[in-house]
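Numbering (the working numbering), first residue to last: 1 to 405.
Every residue, glycine too, gets a C-beta built ideally from N, C-alpha and C.
Written below as structure tokens is the structure these notes are about.
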Ligand code: GLY
């Protein structure tokens, strides 16, 4: 099994780790549960004649429903890469070639993106979760070429006057300028990857410029972030921060902060610039300090109705995965605190209350997609499952490295 770069800091953590209480997360049991839910989903999506439509991607399950609501893989459907990504992770966990075959078939449904002009910033979610994981596990040259082509396409949305990627070209009039959303941080990973794998070196510069400008403009003095930053398209001047999926312009939308934690952890990995390591700890700490006891955030930290407001398991899964990387970059004591926090999140996510379990084929319940639009509230959502299985695999690799396996 490949050792990831973020495991390099592990030896520094060893002293602390030796005194760590036994993990409350049974990773193998949790991965076996995910595998059984993956197989169940495949079975439930198969029609009477035994066929799967590989262009239809599971998206969410309302709390009152028991079957996946699927959406066609189109350039507008930002979630279409998560299901292929889950299949790749399940293949990584099980080594089952049948799962790999299904991963390849679903992944192929996104190839059209390499021949399509960029519709918006979500290309990283779409292609790096699917083709990116596929390449990591197979090294297929055709996968590499798709990622390189899509990275070039994403870069066409970069505005040098602003220094960021335009997240939603279709919303320029609505927001009154060049808009960049915090979620966009995740898509930078594909640009860094492309620059290191035969793509144009400028792709990495674009990613770092975006990360720096976002760090400068997209956060409040307490390190909580806006969902959307609006800039003057021509002069590049920052105009205002506001929300789209959060409760208020000045509130901390849980998944937005989660994208920031995950994104800046990745930017530090790619740049090794200590500015980002310092910054991501501040962004992380304000989130951790304000969590409820079970470490599953309310969908927005100022949501109406707290403590009865809906939780967002997806944000918890994104942050758990990020912390299992970040814990290897910071000094040992702090790393241990991040590791413990991540395990606490995974333990809560794995508890009966949040399992899809018998009644649903999803791994997790209780995420919030878009509260202001009234969509996918208190639902199972595919990206919660994606980051949950990713986090489990990261924890498993940490445990294996510690055990010297
Ligand atoms: N990228 C959209 C979301 O996080 O809901």
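Counting C-beta neighbours from all protein chains within 10 Å, is the total for residue i 16 or more, i.e. buried, or is it exposed?
i: residue 339; result: buried
i: residue 216; result: exposed
i: residue 15; result: Any reading at residue 15 must be qualified, since the residue scores a pLDDT of 48, below 50, and its modelled position is unreliable; no value is offered.
i: residue 81; result: buried
i: residue 98; result: exposed
i: residue 121; result: buried
i: residue 278; result: exposed
i: residue 306; result: exposed
i: residue 361; result: buried
i: residue 6; result: For residue 6, the predicted structure reports a pLDDT of 45, less than 50, and the residue's modelled location is therefore unreliable. A value from the coordinates is still provided. Buried, because 16 or more other Cβ atoms sit within 10 Å of the Cβ of residue 6.
i: residue 301; result: buried
i: residue 2; result: Note that residue 2 scores 40 on pLDDT, short of 50, meaning its location in the model is unreliable and no value can be drawn from it.
i: residue 333; result: exposed
i: residue 235; result: exposed
i: residue 284; result: buried
i: residue 255; result: buried
i: residue 13; result: Low confidence applies to residue 13: its pLDDT is 47, below 50, so where it sits in the model is not reliable enough to give any reading.
i: residue 11; result: Bear in mind that the predicted position of residue 11 carries a pLDDT of just 45, short of 50, making it too unreliable to give a figure here.
i: residue 293; result: exposed
i: residue 202; result: exposed
i: residue 58; result: buried
i: residue 160; result: exposed
i: residue 289; result: exposed
i: residue 316; result: buried
i: residue 352; result: exposed
i: residue 189; result: buried
i: residue 272; result: exposed
i: residue 390; result: buried
i: residue 67; result: exposed
i: residue 484; result: Residue 484 lies beyond the residue range present for the chain, which begins at 1 and ends at 405; the question has no answer from this structure.
i: residue 257; result: buried
i: residue 139; result: exposed
i: residue 141; result: exposed
i: residue 44; result: exposed
i: residue 373; result: exposed
Rounded to the nearest angstrom, what separates residue i and residue j at their Cα positions?
i: residue 413; j: residue 47; result: Residue 413 is absent from the structure shown; the chain starts at 1 and stops at 405.
i: residue 249; j: residue 228; result: 9 Å
i: residue 322; j: residue 346; result: 12 Å
i: residue 171; j: residue 157; result: 13 Å
i: residue 84; j: residue 104; result: 8 Å
i: residue 23; j: residue 60; result: 30 Å
i: residue 56; j: residue 392; result: 26 Å
i: residue 337; j: residue 173; result: 44 Å
i: residue 147; j: residue 287; result: 32 Å
i: residue 405; j: residue 394; result: 14 Å
i: residue 329; j: residue 50; result: 47 Å
i: residue 41; j: residue 182; result: 31 Å
i: residue 324; j: residue 195; result: 25 Å
i: residue 39; j: residue 33; result: 10 Å
i: residue 76; j: residue 365; result: 25 Å
i: residue 87; j: residue 237; result: 42 Å
i: residue 177; j: residue 71; result: 30 Å
i: residue 179; j: residue 213; result: 13 Å
i: residue 222; j: residue 251; result: 11 Å
i: residue 401; j: residue 64; result: 41 Å
i: residue 27; j: residue 320; result: 13 Å
i: residue 79; j: residue 21; result: 37 Å
i: residue 411; j: residue 199; result: The chain is shown only over 1 to 405; residue 411 falls outside these bounds and no answer can be derived.
i: residue 117; j: residue 268; result: 29 Å
i: residue 232; j: residue 270; result: 29 Å
i: residue 398; j: residue 343; result: 12 Å
i: residue 403; j: residue 95; result: 21 Å
i: residue 363; j: residue 53; result: 21 Å
i: residue 73; j: residue 207; result: 26 Å
i: residue 219; j: residue 264; result: 13 Å
Rounded to whole angstroms, how far is the Cβ of residue i from the Cβ of residue j, which I believe are closer than 8 Å?
i: residue 93; j: residue 350; result: Actually they do not touch by this definition, with Cβ atoms about 15 Å apart.
i: residue 245; j: residue 370; result: 5 Å
i: residue 384; j: residue 309; result: Actually they are not in contact, since the Cβ atoms of residue 384 and residue 309 sit about 17 Å apart, beyond 8 Å.
i: residue 91; j: residue 137; result: 7 Å
i: residue 187; j: residue 125; result: 7 Å
i: residue 123; j: residue 150; result: 5 Å
i: residue 295; j: residue 348; result: 6 Å
i: residue 380; j: residue 367; result: 7 Å
i: residue 242; j: residue 262; result: That pair is no contact at about 22 Å.
- request: Only counting runs of 4 or more residues, tell me where the alpha helix (DSSP H) segments fall wholly within the stretch 243-329, in order along the chain.
  value: 254-271, 274-289, 313-326
Practice problem: Run through the stretch 43-84 for me and flag every whole beta strand (DSSP E) of 3 or more residues, listed as ranges in chain order. | Solution: 56-61, 69-72
List in chain order the residues whose CB is within less than 5 Å of at least one heavy atom of the ligand GLY. 183, 255
*Output the residue ranges of the alpha helix (DSSP H) runs that lie fully inside the stretch 110-147 and measure 4 residues or longer, sorted by chain position.*
123-127, 133-138
Next item on the list: Please specify which runs of the beta strand (DSSP E), each continuous and at least 3 residues long, are wholly inside the stretch 145-186, giving them in chain order.
Entry: 178-181
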